[in-house]
Amino acid sequence: MSTLTEAPPPLAPATPEKKPARRRGRFTPYWLLLPGMLWLIVFFALPMIYQASTSVQQGSLEEGYKVTWHFATYWDALAAYWPQFLRSVSYAAAATVLCLLLGYPLAYLIAFRAGRWKNLIMILVIAPFFTSFLIRTLAWKTILADNGVVVHTLNSLHLLDLTNWLGWTAGDRVLATPLAVVCGLTYNFLPFMILPLYTSLERIDGRLHEAAGDLYARPWTTFRKVTFPLSMPGVVSGTLLTFIPAAGDYVNAELLGSTDTRMIGNVIQTQFLRILDYPTAAALSFILMAAILAMVTLYIRRSGTEDLV
Amino acid sequence: MPFVNWLKRRLVVIAGLLTLAYLLLPNVVVTVFSFNKPKGRFNYEWQRFSTDAWKDPCGVADMCGSLSLSLQIALWATVGATVLGTMISFALVRYRFRARGAVNSLIFLPMAMPEVVMAASLLTLFLNMGAQLGFWTILIAHIMFCLSFVVTAVKARVMSMDPRLEEAARDLYAGPVQTFLRVTLPIAAPGIAAGALLSFALSFDDFIITNFNAGSTVTFPMFVWGSAQRGTPVQINVIGTAMFLVAVLLVLSSMVITHRRNKQKA
Chain A
0 MSTLTEAPPP
10 LAPATPEKKP
20 ARRRGRFTPY
30 WLLLPGMLWL
40 IVFFALPMIY
50 QASTSVQQGS
60 LEEGYKVTWH
70 FATYWDALAA
80 YWPQFLRSVS
90 YAAAATVLCL
100 LLGYPLAYLI
110 AFRAGRWKNL
120 IMILVIAPFF
130 TSFLIRTLAW
140 KTILADNGVV
150 VHTLNSLHLL
160 DLTNWLGWTA
170 GDRVLATPLA
180 VVCGLTYNFL
190 PFMILPLYTS
200 LERIDGRLHE
210 AAGDLYARPW
220 TTFRKVTFPL
230 SMPGVVSGTL
240 LTFIPAAGDY
250 VNAELLGSTD
260 TRMIGNVIQT
270 QFLRILDYPT
280 AAALSFILMA
290 AILAMVTLYI
300 RRSGTEDLV
Chain B
0 MPFVNWLKRR
10 LVVIAGLLTL
20 AYLLLPNVVV
30 TVFSFNKPKG
40 RFNYEWQRFS
50 TDAWKDPCGV
60 ADMCGSLSLS
70 LQIALWATVG
80 ATVLGTMISF
90 ALVRYRFRAR
100 GAVNSLIFLP
110 MAMPEVVMAA
120 SLLTLFLNMG
130 AQLGFWTILI
140 AHIMFCLSFV
150 VTAVKARVMS
160 MDPRLEEAAR
170 DLYAGPVQTF
180 LRVTLPIAAP
190 GIAAGALLSF
200 ALSFDDFIIT
210 NFNAGSTVTF
220 PMFVWGSAQR
230 GTPVQINVIG
240 TAMFLVAVLL
250 VLSSMVITHR
260 RNKQKA
């Protein structure tokens, strides 16, 4: 019976009565692809080329820009903004690790332990999406406020001294510090970690857990040797879905951080929309894109999962 | 040590529920502060209980206008992305053609690109073309980034579909149009619906790409962003709370309906 559920090859071997249908449909895929692909080429691929060309232009808003192959823009941009680049990568990495640590138990809970509460918890994970993320991020301003419960508790436990010493916070505040920005990033991208984790955990055959138990594996060993390796596709796509948007984000740094927590997204936004230095902005976003694509490719190669889409 | 054992067995559940609390805490704060009567311009500190904002949700200048603009854009972006994306996914699953690799990577790349990069490069294009920034440029951008998500959702569904069902329909003398409308489309519908829902949520909530390509047009997320600088009206929290409740109620009622229908069938 298993053959019934398996998808047969896309094109069945040609049988006489099928031939006319196939000939008539020879151009069908191209017609189906055409509008969507044109959209992506014109509004996604072409802009990238425009941006590449802008990054090597020189000139001013008044006199117009000309392509002068001025590659020094890249060098200058890197020299001026490498701290923001470094900050983006480290904040995004911290948020990704936190998302994995926080998200895994919840995904595991939904997949194996929730029972009849499964759907409800699933809804509660997705539902916040429908409240604008900016409103929810602003709520963190209240939660982490200087005279709020969180800061008070951290202070009385002397944890703020520790985070001050680590450079994560400054003074008696959490707001406007790296800790607040990482906390916001973690919060905003947590569902993007939980959903792929859940999908890959859900697919695991429950009998494998039983088998591991029958072979005298303790729960922790079962997790380490069976569950976690089988959930690797979810871990890989979850970390990518968290890291990439977190590295380019400027909303959390702007709303919860200060001028000392500016990330590369903030710089690109300011250069583009306020200072109007298009070549520098284009060069910066090109470097960001190249860096992320390089990291993603390396990461996918190392973790050995190619079929993410 | 029975307590330690009890704790050990439930460690995953407790950790999971703590994460859930972390996820929901901001929504609780948003809801509670929708009943606040703040002293200054900002609604970050609790003063006293009041239902003023709920009685007058559109009392803030321009907010409801930006809300309806966002809803319109989300609606059209959903329609556009769903139609284009569904066509692409059928082509990808059902046909063999040249340049399949190129098509796949063109669909994957927008999802793997930081939003700020897409936003900046699209603005470069619009500036170069001398396009008037506003409703249309926002719509174009939203359809662009929703498209890939629709393709992913619909592709997964169409791939798990048995093509012999369509063959059976053809054997029973259904024409191509009839087969598509009566067999293919109903089976693919859940995937298409998931893609459409995702598009709507993504488009409605998008800030970064919109902020770059909106010109002087103000969508709801942009209104919230602006108010974070000028002063946050309580009405923002009212809208946030209402959206959360509507979403939860819609999903719950649809679940109840499917549950009942399944029961009737059984």
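As you go down the protein sequences, you meet chains A and B in turn. According to numbering that gives the first Met the number 0, the stretch in the first sequence is residues 0 to 308, in order. According to numbering that gives the first Met the number 0, the stretch in the second sequence is residues 0 to 265, in order. Even for Gly, the Cβ is constructed at its ideal location relative to N, Cα and C. Bear in mind that the values here come from a model prediction, so they are computed numbers and not experimental data.
Against chain B, which members of the region 185 to 213 of chain A pass a CB distance test of less than 9 Å?
Close to chain B, meaning a Cβ-Cβ distance shorter than 9 Å, are the following residues of the region 185 to 213 of chain A: 185, 186, 189, 190 and 193.
Pop quiz: residue 262 of chain A and residue 87 of chain A are said to be a contact at Cβ under 8 Å. What is the actual Cβ separation, rounded to whole angstroms?
Counting from one through the first sequence, the residue named residue 262 of chain A turns up at place 263. Counting from one through the first sequence, the residue named residue 87 of chain A turns up at place 88. With a Cβ gap of about 4 Å, residue 262 of chain A and residue 87 of chain A count as contacting.
Those runs of the beta strand (DSSP E) which lie wholly inside the region 62 to 141 of chain A and span at least 3 residues:
DSSP assignment within the region 62 to 141 of chain A yields the following whole beta strand (DSSP E) runs of 3 residues or more, N-terminal first: 63 to 66.
Please name the residue, chosen from A:276, A:288 and A:298, that lies closest to residue 75 of chain A on a Cα-to-Cα basis.
Along the first sequence, one-based indexing puts residue 75 of chain A at 76. That would be A:276, whose Cα lies nearest to the Cα of residue 75 of chain A.
Cα-Cα separation between residue 283 of chain A and residue 56 of chain A, rounded to whole angstroms:
Looking up residue 283 of chain A in the first sequence gives position 284. Looking up residue 56 of chain A in the first sequence gives position 57. Straight-line Cα distance between these residues: approximately 14 Å.
Could you give the first and the last residue of the continuous alpha helix (DSSP H) run that contains residue 228 of chain B?
By 1-based counting over the second sequence, the position of residue 228 of chain B is 229. From DSSP, the alpha helix (DSSP H) with residue 228 of chain B extends over 219 to 229.
Residue 49 of chain B - containing alpha helix (DSSP H), residue span:
Taking the first residue of the second sequence as 1, we reach residue 49 of chain B at position 50. Looking at the DSSP string, residue 49 of chain B is not in any alpha helix (DSSP H), and its letter there is neither H nor E.
Nonlocal neighbours in the same chain, by C-beta distance under 7 Å from residue 266 of chain A, ignoring five residues either side
Mapped onto the first sequence, residue 266 of chain A falls at position 267. The answer, listed in chain order, is 80, 83 and 283.
So what's residue 71 of chain B in DSSP terms, helix, strand or just coil?
Reading the second sequence from its first residue, position 72 is the one you call residue 71 of chain B. Correct three-state label for residue 71 of chain B: helix.
Could you give the C-beta distance for residue 246 of chain A and residue 91 of chain A, rounded to a whole number, given that I count them as a contact under 8 Å?
Taking the first sequence and counting its residues from 1, the one referred to as residue 246 of chain A is at position 247. Taking the first sequence and counting its residues from 1, the one referred to as residue 91 of chain A is at position 92. Sure, about 4 Å apart at Cβ, within 8 Å.
Helix, strand or coil: how does DSSP classify residue 256 of chain A here?
What you label residue 256 of chain A is simply residue 257 of the first sequence in a count that begins at 1. Here residue 256 of chain A sits in coil by DSSP.
Which residues in chain A sit within 7 Å of residue 114 of chain B, going by Cβ to Cβ distance?
Taking the second sequence and counting its residues from 1, one reaches residue 114 of chain B at position 115. Simply 244 and 247.
Of the listed residues A:65, A:227, A:150 and A:35, nearest to residue 91 of chain B (C-alpha basis)
As a working note, residue 91 of chain B is residue 92 in the second sequence. The residue with the shortest Cα to Cα distance from residue 91 of chain B is A:35.
In angstroms with no decimal places, state the Cα-to-Cα distance between residue 181 of chain A and residue 300 of chain A.
Here residue 181 of chain A corresponds to residue number 182 of the first sequence, with the count starting at 1. Here residue 300 of chain A corresponds to residue number 301 of the first sequence, with the count starting at 1. If I take the Cα positions, the gap works out to 27 Å.
Nearest to residue 204 of chain B by CA position, among B:113, B:20 and B:242, is which residue?
To locate residue 204 of chain B, count along the second sequence from 1; it is residue 205. Ranking B:113, B:20 and B:242 by Cα distance to residue 204 of chain B puts B:242 first.
Residues bridged to residue 58 of chain A by DSSP?
Within the first sequence, residue 58 of chain A is the residue found at index 59, counting from 1. As a beta-bridge residue in DSSP terms, residue 58 of chain A pairs with A:64.
Residue span of the alpha helix (DSSP H) that contains residue 311 of chain B, given as start and end
The first residue shown for chain B is 0 and the last is 265, placing residue 311 of chain B beyond what the model contains.
Beta-carbon neighbours of residue 129 of chain A, restricted to chain B and to distances below 7 Å:
Locating residue 129 of chain A in the first sequence gives position 130, counting from the first residue. Result: 200, 242, 243 and 246.
Can you find a CB in chain B that lies within less than 9 Å of the CB of residue 232 of chain A?
Reading the first sequence from its first residue, position 233 is the one you call residue 232 of chain A. For residue 232 of chain A, the answer is no, since every Cβ of chain B falls outside 9 Å of its Cβ.
Range of the contiguous alpha helix (DSSP H) that encloses residue 310 of chain A
Not covered by the structure: residue 310 of chain A. The range shown for chain A is 0 to 308.
Residue 160 of chain B and residue 32 of chain A - do their beta-carbons sit closer together than 9 Å?
Counting from one through the first sequence, the residue named residue 32 of chain A turns up at place 33. Counting from one through the second sequence, the residue named residue 160 of chain B turns up at place 161. At least 9 Å separates the beta-carbon of residue 32 of chain A from that of residue 160 of chain B.
Excluding the 5 residues flanking residue 308 of chain A on each side, which residues of the same chain have their C-beta closer than 6 Å to its C-beta?
For the purposes of this step, residue 308 of chain A is taken as residue 309 along the first sequence, with counting starting at 1. Its pLDDT being 41, under 50, residue 308 of chain A is placed unreliably in this model, and the value from its coordinates should be taken loosely. The answer is none, since no qualifying residue turns up.
Does the beta carbon of residue 55 of chain B sit closer than 9 Å to a beta carbon anywhere in chain A?
Counting from one through the second sequence, the residue named residue 55 of chain B turns up at place 56. It does not: the Cβ of residue 55 of chain B has no partner Cβ on chain A nearer than 9 Å.
How is residue 60 of chain B classed by DSSP in three states: helix, strand or coil?
Reading the second sequence from its first residue, position 61 is the one you call residue 60 of chain B. DSSP, reduced to helix, strand and coil, places residue 60 of chain B outside both helices and strands of the structure shown, so it counts as coil.
If the cut is a Cβ gap below 7 Å, which residues of chain A does residue 51 of chain B touch?
Here residue 51 of chain B refers to the residue found at position 52 when the second sequence is read from its first residue. Within chain A, no residue comes near residue 51 of chain B; the closest Cβ sits about 18 Å away, beyond 7 Å.
Give the straight-line distance between the Cα atoms of residue 12 of chain B and residue 197 of chain A, rounded to the nearest whole angstrom.
For the purposes of this step, residue 12 of chain B is identified with residue 13 of the second sequence, where counting begins at 1. For the purposes of this step, residue 197 of chain A is identified with residue 198 of the first sequence, where counting begins at 1. So the alpha carbons of these two residues sit roughly 15 Å apart.
Distance between beta carbons of residue 217 of chain B and residue 65 of chain B, contact taken as under 8 Å:
If you number the second sequence from 1, residue 65 of chain B lands on position 66. If you number the second sequence from 1, residue 217 of chain B lands on position 218. Between the beta-carbon of residue 65 of chain B and that of residue 217 of chain B there is about 5 Å, and that keeps the pair under the 8 Å contact cut.
Do the CB positions of residue 136 of chain B and residue 214 of chain B come within less than 9 Å of each other?
For the purposes of this step, residue 136 of chain B is taken as residue 137 along the second sequence, with counting starting at 1. For the purposes of this step, residue 214 of chain B is taken as residue 215 along the second sequence, with counting starting at 1. Yes.
Can you tell me whether residue 93 of chain B is buried or exposed? The criterion is at least 16 other CB atoms within 10 Å of its CB, across all chains shown.
Working through the second sequence from its first residue, we reach residue 93 of chain B at position 94. Buried is the call here.
Of the choices B:153, B:259, B:170 and B:233, whose alpha-carbon is the least far from that of residue 83 of chain B?
Position 84 of the second sequence, counted from the first residue, corresponds to residue 83 of chain B. Here the closest residue by C-alpha is B:153.
Residues of its chain near residue 140 of chain A, where Cβ-Cβ distance is below 6 Å and the 5 sequence neighbours each way are ignored:
Within the first sequence, numbered from 1, the residue matching residue 140 of chain A stands at position 141. Within the same chain, residue 140 of chain A has no close Cβ partners at all.
List the whole-angstrom C-beta distance separating residue 256 of chain A from residue 144 of chain A, where the pair is believed to meet the contact cut-off of C-beta under 8 Å.
Working through the first sequence from its first residue, we reach residue 256 of chain A at position 257. Working through the first sequence from its first residue, we reach residue 144 of chain A at position 145. Rounded, the Cβ-Cβ distance is 15 Å, inconsistent with contact.
Using a Cβ cut-off of 9 Å (strictly closer), state whether residue 106 of chain A contacts chain B.
Residue mapping note: residue 106 of chain A aligns to position 107 of the first sequence, counting from 1. True, the Cβ-Cβ gap to chain B drops below 9 Å.
Could you spell out where the alpha helix (DSSP H) holding residue 202 of chain A opens and where it closes?
As a first step, residue 202 of chain A must be located in the first sequence, where it is residue number 203. Neither: residue 202 of chain A is in no alpha helix (DSSP H) and is coded neither H nor E.
Please name the residue in B:141, B:229, B:120 and B:188 whose C-alpha comes closest to that of residue 279 of chain A.
Sequence index remark: in the first sequence, residue 279 of chain A carries index 280 (1-based). Among B:141, B:229, B:120 and B:188, the Cα nearest to that of residue 279 of chain A is on B:120.
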